[in-house]
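Residue numbers (full-length UniProt numbering): 1 to 542.
To start, the structure under review is shown below, and the notes come after it.
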């Protein structure tokens with residue numbers, strides 16, 4: 001049985017609490033580091049100041065891919081590593097990571113043309129060691145993508161990458177880390193890295209429990225190695241003054257619309273006419289997602305990011321260009337999400353004689369800084385979390401430390417269970433990938449009926465409330481499940497039923513539930529709905 005939060009805190013509160021490594025940051029990078037560290041025999045503590053995957057790792061474009069556009073920019077090593085990791089993850093966790101077909105339509109006088117794009121795909125396939133490219137005629141293209149704009153359409157290129165639920169991916173990696181003995185705590189802030197006054201070597205980290213406003217719990221744990229995997233927040237803990245690199249927070253936002261309004265069975269991409277960036281429409285959890293933007297995020301990182309009017313119009317513009325007959329407007333939007341990418345940039349951002357370097361031109365490769373027991377990492381891709389984790393741990397320079405065998409899997413296999421009659425074959429495939437070894441516990445936790453309009457079982461809600469460190473209602477609605485992103489009004493109409501199921505599991509009284517419900521709905525309206533600053537544009541009449 002996994003430790004409860006109270007049991008974890010009791011272990012940390014002892015004056016002699018010590019770990020081989022403390023990982024700060026509960027996104028995919030931190031989770032991957034904890035997984036590799038614990039799996040390699042290190043006593044491991046992971047702390048996250050908000051919720052697990054609260055930052056970038058629950059707000060990505062959900063793609064497990066090699067980064068075809070990075071290959072076009074000449075980043076061969078990044079693309080090679082990513083496509084090989086993609087193949088590995090597809091093999092290890094089907095249902096959590098699944099293949100997704102991508103279609104790039106070609107139009108007259110559009111760059112890149114089909115010949116150049118096919119050449120790029122040939123190299124992409126070679127790096128992956130697996131062919132997937134395809135050249136489509138206009139008629140074949142419309143078979144794949146009904147409703148696509150046919151004006152000046154010359155055909156399309158097809159290839160295969162993969163898609164995931166990024167927040168669930170983080171949770172599964174954390175669960176594997178805890179199975180190997182790691183302690184993982186959300187709502188635990190690393191306030192300061194402690195050092196020896198003479199040698200300046202790291203000796204520990206001072207922690208603050210932020211899970212409640214009514215009681216403050218502070219503690220210090222001992223460790224010779226702190227790994228700062230806080231992504232866009234890395235500069236806040238990183239103590240080295242790097243003059244040549246810095247974190248450039250870039251925001252990417254997405255729209256969620258009903259699948260019935262924009263039915264796509266594959267990811268459809270087109271270069272946006274405004275800035276020539278590739279923008280996608282892709283199927284996800286019974287909806288269609290449009291994304292993403294790429295612009296400097298200048299607001300405080302302590303505040304939840306949200307889409308703005310400019311981004312909304314940008315994404316609706318590409319929708320109208322790709323699917324003019326669908327006539328998608330902001331009235332169709334179910335939800336939005338915005339994430340901040342931790343891109344490492346060369347300082348200064350301004351390029352010689354060319355003004356500010358465009359966000360889309362920034363390198364997406366990760367960077368590691370090491371400072372006498374404090375190792376910081378930022379940048380990188382969702383797909384390559386395992387490779388980044390192993391590189392970071394090697395930079396920790398721990399005497400006598402050896403990483404676990406590179407061939408060992410990240411994920412344990414699910415048990416060989418018979419599919420319950422109430423669960424469809426497709427949903428059974430998803431559940432096996434989402435929960436792995438915990439699948440039997442999930443099935444025992446509650447009813448196997450799905451929440452109306454989704455594939456989520458009521459049992460998943462009950463199990464998540466009991467076993468995944470849920471502190472706030474938004475943890476459950478936005479990250480443990482995605483009901484807040486795929487249901488109208490953030491699932492507000494469903495909250496009475498969730499109250500009946502989850503309130504006793506969470507041991508909340510009526511006052512706590514009312515406070516959490518109000519908190520969640522205000523958060524959803526301000527950060528996961530249409531831009532709050534501006535009123536919705538009126539529909540055109542007559």
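Ideal Cβ positions, reconstructed from N, Cα and C, are used throughout, including at glycine.
Since this is a predicted model, take the numbers as computed values, not measurements.
Determine, using beta carbons only, whether residue i and residue j come nearer to each other than 8 angstroms.
i, j, result
"residue 359", "residue 270", "no"
"residue 431", "residue 95", "yes"
"residue 228", "residue 375", "yes"
"residue 135", "residue 149", "no"
"residue 132", "residue 159", "yes"
"residue 342", "residue 164", "no"
"residue 152", "residue 118", "no"
"residue 334", "residue 488", "yes"
"residue 233", "residue 301", "yes"
"residue 174", "residue 31", "yes"
"residue 279", "residue 272", "yes"
"residue 409", "residue 439", "no"
"residue 225", "residue 193", "no"
Helix, strand or coil: which one does DSSP assign to residue i?
i, result
"residue 57", "helix"
"residue 508", "coil"
"residue 28", "helix"
"residue 399", "coil"
"residue 106", "strand"
"residue 206", "strand"
"residue 372", "coil"
"residue 493", "helix"
"residue 52", "coil"
"residue 99", "strand"
"residue 236", "helix"
"residue 344", "strand"
Check the DSSP bridge columns for residue i and list the partner residues they point to.
i, result
"residue 254", "291 and 337"
"residue 18", "222"
"residue 455", "None; residue 455 has no bridge partner."
"residue 44", "21"
"residue 281", "268 and 290"
"residue 135", "157"
As a quick exercise: from the options, pick the residue whose alpha carbon is nearest that of residue i.
i, options, result
"residue 291", "302, 336 and 300", "336"
"residue 198", "299, 372 and 415", "372"
"residue 20", "462, 488 and 398", "398"
"residue 89", "112, 120 and 128", "128"
"residue 411", "8, 70, 73 and 180", "180"
"residue 435", "170, 321 and 157", "170"
"residue 17", "144, 156, 183 and 71", "183"
"residue 451", "428, 491 and 418", "491"
"residue 502", "465, 320 and 438", "465"
"residue 71", "325, 122, 217 and 200", "122"
"residue 44", "447, 76, 370 and 176", "176"
"residue 507", "407, 469, 486 and 493", "469"
"residue 339", "306, 477 and 299", "306"
"residue 266", "60, 99 and 396", "99"
"residue 575", "101, 126 and 32", "The chain is shown from 1 up to 542; residue 575 falls before or after that span and cannot be answered."
"residue 140", "103, 172, 161 and 110", "103"
By Cβ distance below 6 angstroms, which residues in the same chain neighbour residue i in space, the five residues on each side in sequence not counted?
i, result
"residue 220", "204 and 206"
"residue 332", "257 and 261"
"residue 525", "none"
"residue 455", "427"
"residue 13", "219"
"residue 315", "255 and 290"
"residue 67", "79 and 82"
Which same chain residues end up closer than 7 angstroms to residue i when comparing Cβ atoms and leaving out the 5 residues on each side of it in sequence?
i, result
"residue 384", "81, 82 and 85"
"residue 517", "473 and 495"
"residue 498", "461"
Starting from the C-beta of residue i, find all residues in its chain whose C-beta is less than 8 angstroms away, skip the five residues before and the five after it, and write them out in chain order.
i, result
"residue 36", "386, 389, 390, 393, 403 and 404"
"residue 188", "47, 48, 49, 207, 208, 209, 210 and 211"
"residue 154", "106, 107, 108, 114 and 138"
"residue 425", "419"
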